[in-house]
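Here the sequence shown stands for residues 188 to 312, where the numbers follow our numbering.
For glycine and all other residues, C-beta sits at the position ideal for the given N, C-alpha and C.
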Amino acid sequence: MLFNSIKHSSINGNSLIFKTLAKSRNFSSTIKCQNINLVTPKDQLPYFIQRTQFKSLPIYTEFRNNGSRKLTMIRKVEGNIGLLKSELDKIFGSENVVIKKINNSIVIKGICVREVRQFLTKKGF
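So this is what it looks like as structure tokens:
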């Protein structure tokens with residue numbers, strides 16, 4: 188299918204007409220996938236975890252007291268942080284999960300980055 192489009196623009200008061208002739212093509216990068224659900228977790232769940240600028244989940248390991256206290260931190264939590272805590276309580280135990288409301292994060296005792304990442308990935312983050 189061919190289509191013509193004419194664009195008018197003005198440079199220094201002179202009117203220039205650009206005529207482009209474009210042809211519709213199907214490339215592997217532009218093939219449309221069917222049956223894609225475009226609903227984000229932010230629309231479904233009452234909480235949301237924003238990704239970092241490098242598009243990874245904000246899950247970090249911290250060592251305190253000269254390495255004797257190991258913690259896993261989930262940062263950038265928005266929305267109902269209490270519901271996320273209750274879901275993590277079922278996995279890690281309620282005594283191991285603490286909410287830090289000052290910086291909207293959750294702290295879990297122990298190194299459990301892999302388990303938290305799998306949990307959040309299953310949720311759609």
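Terminal residues of the beta strand (DSSP E) in which residue i lies
| i | result |
| --- | --- |
| Phe250 | 246-251 |
| Thr308 | Element bounds for Thr308: not the beta strand (DSSP E) but the alpha helix (DSSP H), 300-310. |
| Phe313 | Any question about residue 313 goes unanswered here, given that the chain covers just 188 to 312. |
| Phe235 | 234-236 |
| Arg256 | 256-261 |
Whether residue i touches residue j by CB criterion (7 Å)
| i | j | result |
| --- | --- | --- |
| Ile289 | Val264 | no |
| Ile261 | Val300 | no |
| Ile286 | Ile298 | no |
Cutoff 6 Å; reference residue i; Cβ partners in own chain excluding five residues on either side
| i | result |
| --- | --- |
| Leu275 | Val284 |
| Leu258 | Glu249, Val294 |
Residue of the options minimising C-alpha distance to residue i
| i | options | result |
| --- | --- | --- |
| Ile295 | Arg238, Lys309, Phe306, Glu282 | Glu282 |
| Pro233 | Leu270, Leu258, Lys310 | Leu270 |
Alpha-carbon spacing of residue i relative to residue j, whole angstroms
| i | j | result |
| --- | --- | --- |
| Asn222 | Arg251 | Per-residue confidence for Asn222 stands at a pLDDT of 49, beneath the threshold of 50, marking its modelled position as unreliable; no derived number is given. |
| Phe279 | Glu302 | 10 Å |
| Leu244 | Gln305 | 11 Å |
| Asn291 | Thr239 | 15 Å |
| Phe241 | Ser255 | 30 Å |
| Asn253 | Lys277 | 29 Å |
Cβ-based neighbour list, residue i, same chain, cut-off 7 Å, excluding 5 preceding and 5 following
| i | result |
| --- | --- |
| Thr308 | none |
| Gly266 | Pro233, Tyr234, Phe235 |
| Lys272 | Val284, Ile286, Ile293 |
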